[in-house]
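S.K.: Residue numbers (this note's numbering), protein chains in the order written: chain A, 205 to 866; chain B, 205 to 866. From the three backbone atoms N, C-alpha and C, an ideal C-beta is built for every residue, glycine too. Just so you know, these numbers come straight off a predicted model, no measurement behind them.
2 protein chains.
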Amino acid sequence: MKAAKKYWKGLVVVVAAMAMFAWACSSGNGTGSVGGSADEIIEERGLTDEDVAAAVSTYTPSGVLDEYVMFASGGHSGQVFVIGMPSMRLLKTIGVFTPEPWQGWGYGSVAQEEIFASGNAGGQDLAWADTHHPALSETEGDYDGEWLFINDKANARVATIDLRDFETKQFVKNPIALNDHGGTMVTPDTEWIIEGGQYAAPLGWEYAPLESYNDEYKGMVTLWKFDRESGRIDENASFALELPPYWQDLCDAGKLASDGWIVCNSFNTERATGVDPADPENTEPIEAGASANENDYLHVINLEKAAEVAANGGTTEVNGFPVVPLETSIDEGLLYFVPEPKSPHGADVTPDGEYIVVAGKLDPHVTIYSWDKILGAIEAGDLETDEYGVPIIPLDTAKEAQVELGLGPLHTQFDDQGYAYTSLFLDSAIARWKLGDWTLEGSIPVQYNIGHLAAAEGDTVSPDGKYVVALNKWSIDRFFHPGPLYPQNFQLIDVTNVDPDSDTNGMQLLYDMPIGMGEPHYAQIIKADKLEPWAVYPEVGWDPETQSVKADAPQAGNEGVVRDGNNVTVNMTAIRSHFAPERVEVNQGDHVTWNITNVDTSEDATHGFAMPGYNISLSLEPGETQTVEFDATQSGVFTYYCSEFCSALHLEMAGYFLVNSG
Amino acid sequence: MKAAKKYWKGLVVVVAAMAMFAWACSSGNGTGSVGGSADEIIEERGLTDEDVAAAVSTYTPSGVLDEYVMFASGGHSGQVFVIGMPSMRLLKTIGVFTPEPWQGWGYGSVAQEEIFASGNAGGQDLAWADTHHPALSETEGDYDGEWLFINDKANARVATIDLRDFETKQFVKNPIALNDHGGTMVTPDTEWIIEGGQYAAPLGWEYAPLESYNDEYKGMVTLWKFDRESGRIDENASFALELPPYWQDLCDAGKLASDGWIVCNSFNTERATGVDPADPENTEPIEAGASANENDYLHVINLEKAAEVAANGGTTEVNGFPVVPLETSIDEGLLYFVPEPKSPHGADVTPDGEYIVVAGKLDPHVTIYSWDKILGAIEAGDLETDEYGVPIIPLDTAKEAQVELGLGPLHTQFDDQGYAYTSLFLDSAIARWKLGDWTLEGSIPVQYNIGHLAAAEGDTVSPDGKYVVALNKWSIDRFFHPGPLYPQNFQLIDVTNVDPDSDTNGMQLLYDMPIGMGEPHYAQIIKADKLEPWAVYPEVGWDPETQSVKADAPQAGNEGVVRDGNNVTVNMTAIRSHFAPERVEVNQGDHVTWNITNVDTSEDATHGFAMPGYNISLSLEPGETQTVEFDATQSGVFTYYCSEFCSALHLEMAGYFLVNSG
């Protein structure tokens with residue numbers, strides 16, 4: 205094949221360029237014909253060798269599993285997307301903060317209603333979120349495949365997802381803030397989950413006029429204690445640090461050399477609060493006001509010491525939650541600033557923990573800070589302070605290097621060959637640069653407006669290399685556009701090769717994946733073989749909320765309907781292809797408790813439970829039990845049925861729920 | 205390339221078979237390495253010529269648009285999925301019956317709240333659905349790319365989606381039934397949208413004991429009148445037909461030769477209602493009871509005549525909705541039955557309108573009925589009746605042919621070469637058979653448990669051929685499984701080739717697409733160039749609910765906050781990268797009306813509007829205006845912000861909403 209390829213290659217470069225142009229421009233009809241041999245199709249479509257390489261690199265034949273799994277936030281969809289790589293196929297949308305009826309998330313389950321209720325704020329039910337930064341649990345700085353955390357920027361919440369069943373188990377609502385951004389990130393052994401704030405407000409988001417901004421408004425970072433044994437965040441062992449009313453942005457945990465510390469960058473240290481209609485002098489919108497200064501402040505926080513201070517009572521309470529006051533942080537040496545140019549968006553610790561890379565989105569450089577130098581400056585003391593009294597380590601003291609990469613640098617990830625990759629929003633490109641040498645090696649264009657990027661295990665102590673994904677915010681002409689709301693564009697890039705003679709330094713674009721179901725901001729990519737998901741629940745009668753068998757779950761043989769006054773309890777089993785019981789009659793106004801167990805134990809033998817007119821939808825995976833409670837307010841005839849196409853007779857898997865008006 | 209391929213091919217067959225086996229079985233890690241030439245990757249991965257053909261057939265380079273667009277129902281996700289073909293990429297999840305915050309669907313918009321309210325049943329808010337059968341609007345029996353309809357099986361509703369902006373515009377709640385199945389299907393010029401029932405219940409779903417099933421419970425089919433000018437179903441011009449309490453299943457409209465008629469199949473003509481706990485004799489579950497008879501009844505309905513009867517007052521009212529009584533249908537010759545073997549699931553009219561193909565899921569044949577013969581038998585009269593008095597045309601009189609295909613035939617679609625394709629659920633295969641010859645030509649295995657299938661424009665008067673998609677319900681070992689809830693598997697099959705010597709008659713599997721966000725039941729595939737979606741809204745201040753400019757939409761220059769007693773109106777514009785106004789202050793308890801226009805006019809320049817603590821999320825596409833109303837119940841400081849990463853300064857696109865507790 206190789207010999208033939210050589211003579212063919214020269215021709216194809218010219219022909220293919222012409223063919224591709226004609227083809228891409230012909231009325232949105234780009235895929236040519238099918239139904240030939242590989243060679244015929246390649247010739248007919250005018251595919252270059254690079255095209256064929258991309259096609260066969262990402263090709264994942266039926267039944268072959270993906271090597272990597274990406275977890276991407278859903279943005280204001282409120283969910284998490286699970287994507288196989290390199291095939292770039294959506295394996296699951298995990299329902300997190302937004303109810304999702306296909307997976308039966310938030311549509312009747314009593315246990316799930318409790319989870320949702322725990323995420324409400326100020327008495328308001330919240331049924332969506334703006335999920336931003338997923339964080340996989342780590343052991344010794346490496347992903348361990350056990351848990352996933354994600355924040356809600358819109359309402360300052362954190363969710364815990366169990367990677368045995370890929371289901372959400374917990375919401376925690378931040379008691380002191382109503383929005384966040386710098387979360388979630390985890391410490392190297394997942395002892396702490398970081399949730400940094402964003403838009404400053406009085407702690408507890410109590411009313412205070414904007415005139416009092418400098419004094420009454422605060423920044424914050426919250427440290428949630430994760431208890432691996434229970435698989436839950438322990439709210440009672442968690443605490444926060446009060447910060448100046450700068451807008452904290454992204455955080456990262458130190459590791460190895462910098463274990464025990466965390467960093468958060470910030471913007472709007474100018475403390476702009478926008479045009480004031482009552483003040484004709486104040487006409488500067490936030491975007492201008494917040495971009496005025498040359499530098500903002502990288503926050504350097506001694507987490508280990510802060511946890512000690514918190515544990516020893518060095519906190520005040522806000523809405524019952526312990527907060528280390530800013531004064532205490534200053535006095536105890538918990539918080540330091542380092543100037544960082546200019547409205548940065550990323551603060552990323554290198555795999556060895558020696559450096560922090562900060563990308564200033566309005567500055568063409570990344571700035572690399574040395575932990576050694578920072579710790580030395582802290583040790584040496586004698587530092588000037590900002591107006592809140594926080595000590596400032598001079599930029600030149602802490603700086604190891606600056607590398608000019610291009611316009612709009614945002615976020616940096618790492619590979620296994622000593623390279624760093626930084627997204628360039630304004631240039632629509634990814635820059636590859638060398639750690640230690642601090643040299644730009646090349647860049648690859650992406651389509652378009654890249655925000656974050658994700659590299660395979662690229663923020664752990666041992667990145668894998670191989671793949672980088674560009675999380676492009678705009679797709680414009682990349683896809684058929686389904687109306688005016690365009691999908692985002694995840695682009696899969698092969699970073700295995702290094703070729704100084706190539707335009708892209710050897711990086712190659714493999715695949716464009718439209719994201720037509722949300723607005724991901726951030727993603728993490730784990731080797732698939734680190735994940736050990738259950739194929740079916742371990743036992744029949746399994747309660748996913750406790751991850752244990754529920755003692756009184758319905759089992760085959762004990763089905764039935766029990767009445768106690770106006771309380772009716774239904775104990776039901778589901779199996780291919782019937783429900784038992786198939787008839788349930790109650791009186792209007794009865795309170796109904798409906799327990800259901802899927803007693804099927806075969807892989808993929810999920811049953812749905814749909815109850816018309818009562819807004820109930822459950823998904824019962826093999827072995828799972830759930831309980832629904834409702835008042836039979838509406839009289840009439842309601843036919844419940846299995847909403848999963850579980851067998852050839854799935855339409856027959858139904859039953860009659862009769863509500864007698866008496 | 206070809207010369208080399210020949211010598212290489214012999215070797216590769218053996219090597220590849222071994223390599224693929226080892227590779228597919230190695231710890232879920234199947235994708236080999238990347239970063240080489242096409243030849244190197246093909247060799248290293250052991251890809252066969254067929255693999256390479258599949259890879260390059262579906263390969264869609266960056267910026268090349270898909271040739272086809274598939275609309276798939278979301279099942280109990282309640283949504284519609286828009287998928288590009290042949291790349292099999294999800295372009296958009298359209299929010300239909302389930303609120304979806306990324307696209308701002310159902311999270312605050314007053315106009316959308318009205319749409320949702322119109323879909324409620326019996327005073328119960330419904331926030332999900334079981335969408336089953338999408339139907340593209342047709343002109344002269346061909347897709348015209350203008351509208352999409354979809355039913356909700358769980359609550360008997362129909363939604364109208366506008367394909368200019370791919371957004372839902374209307375719900376209609378069926379006033380006489382609480383569940384459906386045989387919808388939506390359209391007549392050849394989209395005058396009528398068919399919604400056939402499923403589980404029999406008293407009309408209006410009023411309580412009646414199951415003992416009265418044969419008399420009080422009813423089947424139904426509803427004909428919704430579509431008004432193309434307003435782009436809405438006209439509920440006042442619609443009507444239903446009362447049917448016997450058989451469980452109607454799928455319907456189809458006649459076309460060309462059979463224009464003016466519709467068909468619906470049925471099952472459970474046995475009228476099984478399940479195990480009765482009060483009757484020890486009655487121990488037969490529905491699945492068995494409903495499968496007892498050899499035949500059920502194909503319903504043949506004279507729609508043209510029925511519409512005349514309804515228009516001329518031949519109806520009674522149920523919940524204010526006109527229903528043609530069964531007696532009238534019999535007297536007026538609107539309804540006929542033809543026996544159909546055995547619990548069928550598909551009734552599909554051939555492209556020329558001459559035949560109806562019925563697949564009996566418990567019978568290995570498809571039965572082909574001739575419209576000519578059916579109409580002849582109706583003409584001839586002298587028919588026996590079922591126990592409700594409906595005339596029955598004998599099977600042998602109406603039958604044109606039967607073709608034995610395999611186990612579990614369900615659904616049939618057509619191509620441009622005179623072939624029909626029928627899904628075989630139990631065999632996990634698609635059978636190809638020849639119209640006119642009535643011969644099975646071959647079949648291709650699919651993975652696994654195929655329900656429906658979709659062929660390119662395969663249910664129109666002019667099918668395209670080329671592609672068939674298998675909607676497989678189970679995926680089992682096809683993908684990395686994200687916990688116990690497995691994705692479905694859409695398999696793209698190339699049906700261009702006909703090769704009697706091949707195992708599959710020349711059909712080739714190209715691609716496996718996991719469906720990890722819903723449970724599609726049915727799909728339609730349209731040529732992409734028939735769709736003319738808007739890139740941006742036509743004018744600034746556009747109201748998507750009326751598809752016209754809103755006279756009082758905020759525009760650049762007239763932003764502000766107006767107070768009238770306790771009513772506060774905010775007029776806001778959004779543009780990269782700020783909101784105007786950036787500060788809004790109200791008193792606790794005020795009623796707030798918040799109007800927002802996205803005054804950006806660039807393609808893809810969408811802004812989101814997120815309001816913490818108030819459960820509000822909007823997506824404002826370029827030019828779009830929306831209105832949100834709420835009571836400022838919660839006092840405090842709330843930072844609204846743009847939830848789309850719209851520019852390098854998107855984090856700065858925010859403002860302060862202050863609610864003063866006074």
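Alpha carbon to alpha carbon, how far is Ala223 (chain B) from Ile654 (chain B)?
M.R.: Numbered from 1 along the second sequence, position 19 holds the residue referred to as residue 223 (chain B). Numbered from 1 along the second sequence, position 450 holds the residue referred to as residue 654 (chain B). Residue confidence is low: Ala223 (chain B) scores 37 on pLDDT, short of 50, so the model does not pin down where it sits. No coordinate-derived value is stated.
S.K.: Please report the distance separating the alpha-carbon of Asp668 (chain A) from that of Ser341 (chain A).
M.R.: Locating residue 668 (chain A) in the first sequence gives position 464, counting from the first residue. Locating residue 341 (chain A) in the first sequence gives position 137, counting from the first residue. When rounded, the distance between both Cα atoms is 17 Å.
S.K.: Report the option in B:Asp369, B:Thr264 and B:Leu539 whose CA atom is closest to the CA atom of Asp590 (chain B).
M.R.: What you label residue 590 (chain B) is simply residue 386 of the second sequence in a count that begins at 1. The candidate whose alpha carbon is nearest that of Asp590 (chain B) is B:Leu539.
S.K.: For the region 691–738 of chain B, list the alpha helix (DSSP H) runs that are entirely contained and at least 4 residues long, ordered along the chain.
M.R.: Listed in chain order, nothing qualifies, since the region 691–738 of chain B has no complete alpha helix (DSSP H) run of 4 or more residues.
S.K.: Put Gly278 (chain A) into one of helix, strand or coil per three-state DSSP.
M.R.: One-based indexing of the first sequence puts residue 278 (chain A) at position 74. In the structure shown, Gly278 (chain A) sits in coil (DSSP, three-state: anything other than H, G, I, E or B).
S.K.: Check distances from the C-beta atoms of the region 532–562 of chain A to those of chain B and list, in chain order, the residues that come in under 9 Å.
M.R.: Against chain B - using a Cβ distance shorter than 9 Å - the residues of the region 532–562 of chain A are Ser547 and His549.
S.K.: Any residues in the region 811–836 of chain B with a beta carbon nearer than 7 Å to a beta carbon of chain A? Which ones, in chain order?
M.R.: Within the region 811–836 of chain B, the residues whose Cβ lies closer than 7 Å to some Cβ of chain A are Gly812, Ala814, Pro816, Gly817, Tyr818, Asn819, Ser821, Ser823, Glu825 and Pro826, listed in chain order.
S.K.: According to DSSP, is Leu352 (chain A) helix, strand or coil?
M.R.: For the purposes of this step, residue 352 (chain A) is identified with residue 148 of the first sequence, where counting begins at 1. If DSSP states are grouped into helix, strand and coil, Leu352 (chain A) belongs with the strands.
S.K.: How many angstroms separate the CA atom of Ser281 (chain A) from the CA atom of Leu427 (chain A)?
M.R.: On the first sequence, position 77 is the one that residue 281 (chain A) refers to. On the first sequence, position 223 is the one that residue 427 (chain A) refers to. C-alpha separation (whole angstroms): 25 Å.
S.K.: Assuming Ala624 (chain B) contacts Leu639 (chain B) under a Cβ cut-off of 8 Å, what Cβ separation, rounded to an integer in Å, is found between them?
M.R.: Taking the first residue of the second sequence as position 1, residue 624 (chain B) is located at position 420. Taking the first residue of the second sequence as position 1, residue 639 (chain B) is located at position 435. So it is a contact: roughly 6 Å between Cβ atoms.
S.K.: If Leu382 (chain B) and Phe842 (chain A) are in contact, beta carbons under 8 Å, what's the gap, nearest whole angstrom?
M.R.: As a working mapping, residue 382 (chain B) is identified with position 178 in the second sequence. As a working mapping, residue 842 (chain A) is identified with position 638 in the first sequence. Leu382 (chain B) to Phe842 (chain A), Cβ: 6 Å. Contact.
S.K.: Would you call the region 458–478 of chain A and the region 494–502 of chain A in contact, with 3 or more CB pairs under 8 Å?
M.R.: Yes, the region 458–478 of chain A touches the region 494–502 of chain A.
S.K.: Between which residues of its own chain and Trp508 (chain B) is the CB-CB distance below 7 Å, once the five residues before and five after are set aside?
M.R.: Looking up residue 508 (chain B) in the second sequence gives position 304. First, the residue type needs correcting, since residue 508 (chain B) is Glu and not Trp in the sequence shown. Around Glu508 (chain B): Gly464.
S.K.: What is the rounded straight-line gap between the Cα of Trp212 (chain A) and the Cα of Glu271 (chain B)?
M.R.: Taking the first residue of the first sequence as 1, we reach residue 212 (chain A) at position 8. Taking the first residue of the second sequence as 1, we reach residue 271 (chain B) at position 67. Caution is warranted here: a pLDDT of 36 is assigned to Trp212 (chain A), below 50, making its placement in the model unreliable, and the coordinate value is therefore given only provisionally. Computed Cα separation, rounded: 28 Å.
S.K.: Could you list the residues in the region 687–721 of chain A with a C-beta less than 9 Å from some C-beta on chain B, going in chain order?
M.R.: The residues in question are Gly687, Pro688, Leu689, Tyr690, Pro691, Gln692, Asn693, Gln695, Asp698, Val699, Thr700, Asn701, Gly710, Gln712, Leu713, Leu714, Tyr715, Asp716, Met717, Pro718, Ile719, Gly720 and Met721.
S.K.: Report the residue ranges of all alpha helix (DSSP H) runs contained in full by the region 463–501 of chain A; include only those spanning at least 4 residues, in chain order.
M.R.: Correct list: 490–493.
S.K.: Could you compute how far the alpha carbon of Gly827 (chain A) sits from the alpha carbon of Val314 (chain A)?
M.R.: Your numbering for residue 827 (chain A) matches position 623 in the first sequence. Your numbering for residue 314 (chain A) matches position 110 in the first sequence. Whole-angstrom Cα-Cα distance: 18 Å.
S.K.: Please list, in chain order, all residues of the same chain as Gly345 (chain B) whose beta carbon is under 7 Å from its beta carbon, the five residues on each side excluded.
M.R.: As a first step, residue 345 (chain B) is located in the second sequence; it is residue number 141 there, counting from the start. The residues are Pro392, Lys459, Leu460, Thr664 and Val665.
S.K.: With 7 Å as the limit, tell me which residues of the region 569–593 of chain B have their beta carbon closer than that to any beta carbon of chain A; keep them in chain order.
M.R.: Against chain A - using a Cβ distance shorter than 7 Å - the region 569–593 of chain B contributes no residues.
S.K.: Could you name the residues that DSSP lists as bridge partners for Gly764 (chain B)?
M.R.: One-based indexing of the second sequence puts residue 764 (chain B) at position 560. DSSP output for Gly764 (chain B) lists B:Asn775 as bridge partner(s).
S.K.: Work out the CA separation of Glu723 (chain A) and Gly425 (chain A) for me, nearest whole Å.
M.R.: For the purposes of this step, residue 425 (chain A) is taken as the residue at position 221 of the first sequence. For the purposes of this step, residue 723 (chain A) is taken as the residue at position 519 of the first sequence. Looking at the sequence itself, residue 425 (chain A) is Val, so the reference to Gly does not match. Going from the Cα of Val425 (chain A) to the Cα of Glu723 (chain A) covers about 24 Å.
S.K.: Quick one: residues in its chain with C-beta nearer than 8 Å to the C-beta of Glu446 (chain A), no 5 flanking neighbours on either side, listed in chain order?
M.R.: By 1-based counting over the first sequence, the position of residue 446 (chain A) is 242. Excluding positions up to five away in sequence, the list reads Leu407, Lys422, Gly423, Met424, Val527, Val528, Pro529, Leu530 and Ser533.
S.K.: With 9 Å as the C-beta to C-beta threshold (strictly closer), list the residues of the region 841–864 of chain B near chain A in chain order.
M.R.: Per Cβ criterion, the list reads Val841, Phe842, Thr843, Tyr845, Ser847, Glu848, Phe849, Cys850, Ser851, Ala852, Leu853, His854, Leu855, Glu856, Met857, Ala858, Gly859, Tyr860, Leu862, Val863 and Asn864.
S.K.: Under the three-state reduction of DSSP, which class applies to Val273 (chain A): helix, strand or coil?
M.R.: Walking along the first sequence from the start, residue 273 (chain A) turns up at place 69. The answer is strand: DSSP assigns Val273 (chain A) an E or B state.
S.K.: Does any CB atom of chain B fall closer than 8 Å to the CB of Tyr726 (chain A)?
M.R.: On the first sequence, residue 726 (chain A) is found 522 positions in, with the first residue counted as 1. So, not an interface residue.
S.K.: Is Val744 (chain A) helix, strand or coil when you go by DSSP?
M.R.: If you number the first sequence from 1, residue 744 (chain A) lands on position 540. Coil.
S.K.: Between the region 811–820 of chain B and the region 324–343 of chain A, do at least 3 Cβ pairs fall closer than 8 Å?
M.R.: The region 811–820 of chain B, when compared against the region 324–343 of chain A, does touch it at the 8 Å Cβ threshold.
S.K.: Can you pull the chain A neighbours of Met325 (chain B), defined as C-beta to C-beta under 7 Å?
M.R.: Numbered from 1 along the second sequence, position 121 holds the residue referred to as residue 325 (chain B). Looking at the sequence provided, one finds Ala at residue 325 (chain B) rather than Met. Under the 7 Å cutoff, chain A gives Gly817.
S.K.: For Tyr417 (chain B), which residues of its own chain have a beta-carbon under 7 Å away from its beta-carbon, when the five flanking residues on both sides are left out?
M.R.: In the second sequence, the residue the question calls residue 417 (chain B) occupies position 213. Pro449, Arg475 and Thr477.
S.K.: Hey, quick one: how far does the beta strand (DSSP E) through Ile298 (chain B) stretch, first residue to last?
M.R.: For this step, residue 298 (chain B) is matched to residue 94 along the second sequence. Segment Arg293 to Ile298, the beta strand (DSSP E) holding Ile298 (chain B).
S.K.: If the criterion is Cβ atoms closer than 8 Å, does the pair Leu599 (chain A) and Pro568 (chain A) meet it?
M.R.: The residue given as residue 599 (chain A) occupies position 395 in the first sequence. The residue given as residue 568 (chain A) occupies position 364 in the first sequence. No, Cβ-Cβ distance for Leu599 (chain A) and Pro568 (chain A) is not below 8 Å.
S.K.: On the premise that Asp334 (chain A) lies in contact with Ala358 (chain A), defined as a C-beta separation below 8 Å, what is that separation, rounded to the nearest angstrom?
M.R.: What you label residue 358 (chain A) is simply residue 154 of the first sequence in a count that begins at 1. What you label residue 334 (chain A) is simply residue 130 of the first sequence in a count that begins at 1. Confirmed, about 4 Å.
S.K.: Pairs of beta-carbons, one from the region 255–264 of chain B and one from the region 305–319 of chain B, closer than 8 Å: are there three or more?
M.R.: Not touching, per the Cβ criterion.
S.K.: Identify, in the order they occur along the chain, each residue of the same chain with its Cβ nearer than 6 Å to the Cβ of Ser847 (chain B), setting aside the five sequence neighbours on each side.
M.R.: If you number the second sequence from 1, residue 847 (chain B) lands on position 643. The answer, listed in chain order, is Gly812 and Ala814.
S.K.: What do you get for Ser647 (chain B), buried or exposed, if any count of 16 or more other CB atoms within 10 angstroms of its CB means buried?
M.R.: Indexing the second sequence from 1 puts residue 647 (chain B) at position 443. By the neighbour-count rule (16 or more Cβ atoms within 10 Å), Ser647 (chain B) is buried.
S.K.: Have a look at Tyr690 (chain A) and Asp356 (chain B) and give me their C-alpha separation to the nearest angstrom.
M.R.: Translated into the one-based positions of the first sequence, residue 690 (chain A) becomes position 486. Translated into the one-based positions of the second sequence, residue 356 (chain B) becomes position 152. Rounded to the nearest angstrom, the two C-alpha atoms are 26 Å apart.
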